[in-house]
Structures are given as structure tokens and as C-alpha cells.
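Heads up: the sequence shown runs through residues 325 to 543, numbered per the numbering used here. Beta carbons: idealized from backbone N, C-alpha and C, even for Gly. Here's the structure, in C-alpha cells; my notes come after.
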Amino acid sequence: MFEQEKYQYLQQTASSSFQPKAALIDMDGVLFDSMPHHAYCWTKLFRSLGFSFEEKEAYMHEGRTGKATLEILYRRELQRDPSDEEVKELYGRKAEMFDNMPAAPIMKDADALLDCIRNAGMQRILVTGSGQTKLFDRLNEAFPGHFNENSMVTAFDVKQGKPFPEPYLMGLKKAGVAANEAIVIENAPLGVQAGRAAGIFTIAVNTGLLEDEVLLDSG
Numbered sequence: 325m326f327e328q329e330k331y332q333y334l335q336q337t338a339s340s341s342f343q344p345k346a347a348l349i350d351m352d353g354v355l356f357d358s359m360p361h362h363a364y365c366w367t368k369l370f371r372s373l374g375f376s377f378e379e380k381e382a383y384m385h386e387g388r389t390g391k392a393t394l395e396i397l398y399r400r401e402l403q404r405d406p407s408d409e410e411v412k413e414l415y416g417r418k419a420e421m422f423d424n425m426p427a428a429p430i431m432k433d434a435d436a437l438l439d440c441i442r443n444a445g446m447q448r449i450l451v452t453g454s455g456q457t458k459l460f461d462r463l464n465e466a467f468p469g470h471f472n473e474n475s476m477v478t479a480f481d482v483k484q485g486k487p488f489p490e491p492y493l494m495g496l497k498k499a500g501v502a503a504n505e506a507i508v509i510e511n512a513p514l515g516v517q518a519g520r521a522a523g524i525f526t527i528a529v530n531t532g533l534l535e536d537e538v539l540l541d542s543g
């Protein structure tokens, strides 16, 4: 299976080789089982505004910056963009709700995955659409020695989050590698799209509520 996927990747990207030196890794749903928390908080926030929103929809927006998610819902429900003040206030409310929830558990075998990548001599670069500082604070505690400030791309670093390629292109730059020298590990449709748009071999792991076909159709 892997050899077939590798061949398809080389054909699709017109690359002459595939020698991974870095793994660009999503956080929510890959390292921490935090998406149920995010989904609950987004749902509570949007329903408090009178918006139509189901928890499953949060999984479809996973990977976007908070600002982008708010813009999409405002355009759909109110036919306008939120002001900068509204974005700051509403995302602050969502972040506060998230921070007051119990700590999101570590995903099963996430530490073993990171150790395997390190033992293969590959860099680990965190690439997330999240801006939740509570999760960032837990990274070193949960996964000591794997990440630092120079090996992370977050919502604070990009102008266009997932599904745009900017987060993963920035991850490549931080790692100092080309697209055919990296892999992406993602659990979200928008993240899969972003990884593929950046020209990187993308591995999707389904850890949420969505059907496998949703991830497959994303790339």
C-alpha cells in the first residue's frame, strides 16, 4: 500500500525522490484528544448568538484559525463579516470556555509515534490552527524534548490557516526541507487539503466523528 501511495505522490508532484527528513504534525486530534472540547465550546458560543450550529460541524472547520471560523459563521448567519472587536471578544469567550474544561487527554500512542519519528532521525514540527495557549503549555509536559518555540507553527503565525497551504509551507521553512522531504500527519479534512496543497505526502488518521470518506475526499 505504501509503495503504491509513494508512487502516486511522485507522479502527482513530479518529484524525482521522496526522502522524508521531517514530520509536520497537527496537534488537535493527533497529539491531544481535544476536538470534543473544541466542538462543545464552538457549539455553545454559536448557539448563544442564535446561530444554527451542530457539534459535528466543528470537525469540518477543524484546522481553521478562530478568526476564519467566526467569519464563515457570520457570513452564513448574518451576511456580514465580524468586526475585529467581535472576533477578539468572541474568540476570547471560546478560549476561556476551553481553558475551564478538564485537560484534554493525550491521544493513544501519540508519544510512541513521536519517539518513532525521532528515532528515524526526522525533525518534528507542530503545525496547528489552534491558538489555545493551554494546550501549548502542555506540550513540553506531555511530550518532553520533541517541540520548542522554533519547531511550532500556530494560528498566531499565519495569515491564512488551513485549508490554505501557508501553515505547512511555513513548517517546511522551519524544518529547512523541501516538500518531498517531509510528511504531514493530519486528522482534519482542511488539514489534509492544506498538506496536499503544499505538495507534501499527507497521512490522514481518522480520530473524530467524521466518516473515512470525508478525509479521503479531501486528498
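CA-to-CA, the gap between residue 329 and residue 516 works out to about 15 Å. Residue 441 is positioned such that its CB atom lies closer than 7 Å to that of residue 347. Excluding its 5 nearest sequence neighbours in each direction, residue 385 has C-beta neighbours in its own chain below 6 Å: 393, listed in chain order. Here the alpha carbons of residue 531 and residue 538 stand approximately 12 Å from one another. In this structure, residue 365 sits away from residue 431, with a CB-CB distance that is not shorter than 7 Å. Here residue 486 is near residue 387, since their CB atoms are less than 7 Å apart. In the DSSP assignment, residue 367 falls within the alpha helix (DSSP H) that extends over 359 to 372. Between residue 480 and residue 455 the beta-carbon gap is near 6 Å, inside 8 Å, which marks them as a contact.
Under the three-pair Cβ rule at 8 Å, the stretch 400 to 408 does not count as touching the stretch 496 to 511. In terms of Cβ geometry, residue 425 and residue 450 do not form a close pair [threshold 7 Å].
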